[in-house]
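These notes concern the structure reproduced below.
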Amino acid sequence: MINAIIQAQNRNANLKSYDEVYKKFSWKEAEKNFTWYYTGRINIVHEAIDRWADNTEKADTNALIFEKAGRIHRFTFKEIKDISCAWANLLMQYGFKTGDRLFIFLPPCPEIYFAMLACARMGVLFCPLFSTLSTDELEDRLENAAPRGILTNPDLEEKLPGETMSRVKYLFLTHGPLPGLFSEEILVQEIIKNMSRHFNTRWLSADTPLYLLFTSGSTGPPKGVVHAHHDMVGHLITAQYVLNLDQESILWADCYPAWVTGTVYGAFAPWLCGAASVVQGDPFSASSWYRTLETHQVSVWYITPGTMNRLKEAGRDLVHRYDLSRLSHIASVGDALSPELIYWFRENFKISPHDNWWMTETGMICVANFLSMDIHPGSMGKPVPGIEASVIDENGNPLPPLTMGELALKPGWPAMMTGIWKNKSRYQKYFKLKGWFLTGDMVIQDTEGYIYHQGRIDDLIKVGVKQIGPYEIERAILRHPAVKEAAVILKTSRPGDASLKAFITVNSGFTPSTRLNLEIKAFVRANLSSEIPLDSITFLDQIPKTRSGKLLRRILRTSEMGLPIGESLQIKDY
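Counting from 1 along the sequence shown, just add 14 to a position and that's the residue number in the working numbering.
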């Protein structure tokens with residue numbers, strides 16, 4: 015923890031007084047923001063799209079702004095309602111019904127969002143997939159969820175596993191020509207033109223499944239996390255309180271729907287607020303990212319530390335070539351936000367990035383730094399109003415401040431996952447301590463209630479009689495001028511025989527060497543503790559991460575066992 019405070023950025027934000035709101039907050043009261051509270055008719059699309067499309071003052075305002083290859087497509091709330099109704103009619107024509115699954119296997123494009131909304135309208139589960147998935151990864155997901163159909167394009171169709179595809183009824187393609195690789199190939203761009211723009215939205219129960227996302231996280235095999243329509247309550251509240259959205263906001267959530275942040279905060283959350291969502295479909299480059307902020311006058315930017323680091327590497331001169339005056343809020347998610355990044359962005363953007371924490375399983379932001387609240391650099395903030403969080407020991411007992419334990423949440427918030435697809439026992443493990451949802455994340459909470467992430471429970475390291483997480487050691491390593499990125503794992507787990515290994519990438523101007531290895535070890539012991547058993551360092555060209563930017567320490571542990579880790583990961587020992 016760093017003994018520093020950054021003063022609150024906006025005392026007049028939507029959440030003006032954290033303590034007062036947290037004390038009085040009620041999820042039941044929050045439900046009054048929705049028409050279904052009064053009518054009893056529930057569907058997230060009605061609240062996110064239709065009510066704005068039917069409002070004469072909002073119908074023609076932007077809901078989705080999509081840019082790719084220099085072309086910009088803008089869709090108003092009225093247009094996106096009409097198009098998604100046509101897509102719902104298309105799915106209904108091919109026999110889709112409530113409870114069926116549609117896989118969306120596409121690179122960034124507007125059709126992803128049309129299909130998501132169409133599915134939600136009729137109670138069909140949509141499942142966005144990364145377009146970079148391998149054939150084996152696709153096969154695992156297809157066998158697990160058994161979708162009725164897949165929406166893709168001719169290029170990606172070639173990656174679909176032949177044997178498993180025999181159990182998929184329909185293959186929808188956004189454009190032609192049809193490759194003819196599978197039966198029942200359907201060209202959507204032709205059929206959709208003749209579909210009715212009217213569809214009677216199906217009213218559903220609050221717990222009707224909405225979407226299914228496969229996530230591998232930082233540990234363990236992929237799992238299918240299921241979320242329901244009632245998630246909308248958590249989406250709206252966190253969009254207002256954490257991202258500070260209102261009807262005039264233009265949000266760029268820099269991620270795609272195959273990652274939960276893209277589904278929740280790239281689509282439903284801003285639309286529930288009546289705000290516009292920006293989607294950039296081009297590959298990353300610092301200049302195009304800054305140009306996107308300027309061109310679309312983005313007011314709120316939701317970004318990952320990984321992308322922030324890449325912008326930092328591009329240099330401070332580039333930032334000042336663009337007019338970013340409309341940008342009023344930067345929020346960060348995906349990995350712990352280092353104090354160094356906070357200060358770099360604060361210096362160059364004139365506003366501070368605000369870290370927050372959540373999981374695919376929680377369905378919404380659960381811990382956050384708020385605009386009206388001081389920032390403690392290195393902290394992921396305080397629990398969102400309506401979230402009861404505690405730091406507990408292995409028996410479920412709350413721990414005193416400044417003691418590391420597992421972050422646990424009291425079940426009952428509206429966006430909590432409703433299950434793990436076809437794996438009830440795995441779902442129940444989250445609740446193995448009665449009265450708690452176990453996150454698997456190790457944290458420390460200070461005396462003011464700020465929470466600091468220390469790593470996953472599997473990454474705990476015992477130094478003497480004290481347990482510490484890898485984050486603290488990694489932060490110490492990162493303070494060395496030669497180090498660009500660092501990941502630390504425990505090599506041995508025998509009592510009294512702790513041994514740590516660090517995986518490091520170096521900054522330009524530095525060369526991996528035996529001398530640098532010894533220098534970094536000495537630097538860590540001098541700046542953290544002489545007892546730190548950092549016995550070896552491996553230099554990498556890149557450190558493996560999830561698609562959301564989290565360090566994949568399990569991959570590094572795999573390499574230590576002598577198992578294959580992929581050709582792209584180059585190991586250099588010194």
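For every residue, glycine included, the Cβ atom is placed at its ideal position computed from N, Cα and C. The model shown is predicted, which means the values in this text are computed figures rather than measured ones.
message: What does the Cβ neighbour count give for residue 98, buried or exposed, with the cut at 16 atoms within 10 Å?
response: buried
task: Identify every residue that forms a DSSP beta bridge with residue 317.
output: 346
query: What's the C-alpha gap between residue 444 and residue 450?
result: 8 angstroms
field: For residue 551, the residue or residues it bridges with in DSSP
entry: According to DSSP, residue 551 shares a beta bridge with 516.
- request: For my contact list, residue 135 and residue 213 are in at a C-beta cut-off of 8 angstroms; report their separation, rounded to the angstrom.
  value: 6 angstroms
query: Exposed or buried, which one is residue 439 when buried takes at least 16 other CB atoms within 10 Å?
result: exposed
field: Cβ distance (whole Å) where residue 418 is taken to contact residue 458 below 8 angstroms
entry: 5 angstroms
DSSP-derived helix/strand/coil call for residue 219: coil
- request: Rank 46, 101, 343 by C-alpha distance to the C-alpha of residue 366 and give the top, closest one.
  value: 343
- request: Output the distance between the C-alpha atoms of residue 67 and residue 277, rounded to the nearest integer angstrom.
  value: For residue 67 and residue 277, the gap between their C-alpha atoms comes out near 20 angstroms.
task: Classify residue 282 as helix, strand or coil using the three-state DSSP reduction.
output: helix
- prompt: Exposed or buried, which one is residue 87 when buried takes at least 16 other CB atoms within 10 Å?
  reply: exposed
- prompt: Apart from the five residues just before and just after residue 435, which ones in its own chain have a Cβ nearer than 7 angstroms to its Cβ?
  reply: Here the set comprises 158, 159, 226, 238, 240.
- prompt: Can you give, in chain order, each stretch of the alpha helix (DSSP H) that sits fully within the region 28-115 and has at least 4 residues?
  reply: 32-38, 41-44, 50-53, 91-107
message: Any beta carbon of chain D sitting closer than 9 angstroms to that of residue 437?
response: In the structure shown, chain D does not exist; there is a single protein chain.
- request: Write down every uninterrupted run of the alpha helix (DSSP H) in the region 123-200 whose length is 4 residues or greater and which is fully enclosed by it, in chain order.
  value: 124-136, 149-159, 168-171, 176-179
query: So, helix, strand or coil for residue 248, using DSSP?
result: helix
Reference residue 102; option with closest CA among 55, 210, 168, 79: If you compare the alpha carbons of 55, 210, 168, 79 with that of residue 102, the shortest gap goes to 210.
field: Limits of the unbroken alpha helix (DSSP H) element including residue 203
entry: 202-205
query: Are the region 261-271 and the region 40-54 touching, with three or more C-beta to C-beta distances below 8 angstroms?
result: no
- prompt: So, is residue 191 buried or exposed, given that buried needs 16 or more other C-beta atoms within 10 angstroms?
  reply: exposed
- prompt: What's the gap between the Cα of residue 233 and the Cα of residue 420?
  reply: In this prediction, residue 233 has a pLDDT of 48, which is less than 50 and means its spatial position is unreliable; nothing more can be read from the coordinates.
message: In whole angstroms, give me the CA-to-CA distance for residue 33 and residue 104.
response: 49 angstroms
task: Look up residue 442 in the DSSP assignment and say whether it is helix, strand or coil.
output: helix
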